[in-house]
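Heads up, the thing below is written out as structure tokens.
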Amino acid sequence: MLQYKVNYFDVKWLAEPIRMILSYGQLDFEDRRFTDAEWKTIKPTTPCSQAPFLDIEGGKRLAQTKAICRYLAKQTGLVPENDWDAARCDMAVDYADDFRNNHNFAMIFFYTEGEAQKLGLDKFLEDAPKFLANFEKLLKDNGSNGFLVGDKLTWADIYVSHTLSVIQETLKLTGNDLSFDALPQIKAFIAKVEAVPSIAAWIKKRPKTDG
63 MLQYKVNYFD VKWLAEPIRM ILSYGQLDFE DRRFTDAEWK TIKPTTPCSQ
113 APFLDIEGGK RLAQTKAICR YLAKQTGLVP ENDWDAARCD MAVDYADDFR
163 NNHNFAMIFF YTEGEAQKLG LDKFLEDAPK FLANFEKLLK DNGSNGFLVG
213 DKLTWADIYV SHTLSVIQET LKLTGNDLSF DALPQIKAFI AKVEAVPSIA
263 AWIKKRPKTD G
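Residue numbers for the sequence shown follow the numbering used here, beginning at 63 and rising by one.
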């Protein structure tokens, strides 16, 4: 068995930061993707009845995306050494979750359709500029190096860049455009993270999915 196994549906969404951190650290992992039907059987075996979850060699199993990311980030040198910068990473990541969860975006996209979906997405898009402006502010406040915290890549950069990208990608599937053209800091930030060689290699080979 490989040291790590990532367990999730065949989409990026909540599991992709985990896959990206493992790829950054060049840690071999099994990328297990299951169907909705298979999940019904798997769900009772998980720590929190939720996915994603991570299997670790030795029979350990960990759930919750951010808990998994923090654990792996410590294994791969992606957590700042001082408590203040580590807290700033948590702040950026939690704010990314606030953005993704605003108006129950995922529920609207995956589980509604027609007029109900349109109304929900309209509300999400109405609020999006204030969230994006604050991400730009976080980047600017950290200086001109293109990172959210400190002067080198952290797990917050991976988590936040993915969240912004997957929201943009998902909205395109509904005919909506969340353009970053007027947000140069964000656009450059995402490109910078995705250009890290080991992350770029993962992005190139990962399965093509809708969201």
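All C-beta atoms in this analysis are idealised placements derived from N, C-alpha and C, irrespective of residue type, glycine included.
Computed from a prediction, not measured in an experiment: that's the story for all the values here.
| Item | Value |
| --- | --- |
| Residues near Gly212 in its chain [Cβ-Cβ closer than 7 Å; skip 5 each side] | Pro142, Asp147 |
| Given 8 Å, three or more beta-carbon pairs between the stretch 94-103 and the stretch 181-197 | no |
| 8 Å Cβ cutoff met for Ala158 and Tyr221 | yes |
| Helix, strand or coil at Asp117 according to DSSP, with G and I counted as helix | strand |
| Collapsed DSSP secondary structure at Leu201 in the structure displayed | helix |
| Where Lys74 falls, given that 16 or more other Cβ within 10 Å makes a residue buried | buried |
| Assumed close pair Ile19, Pro114 - CB separation to whole angstroms, cut-off 8 Å | Given that the chain is displayed from residue 63 to residue 273, the structure contains no residue 19 and the question cannot be resolved. |
| Terminal residues of the alpha helix (DSSP H) in which Arg81 lies | 78-86 |
| As assigned by DSSP and simplified to three states, the class of Asp145 | helix |
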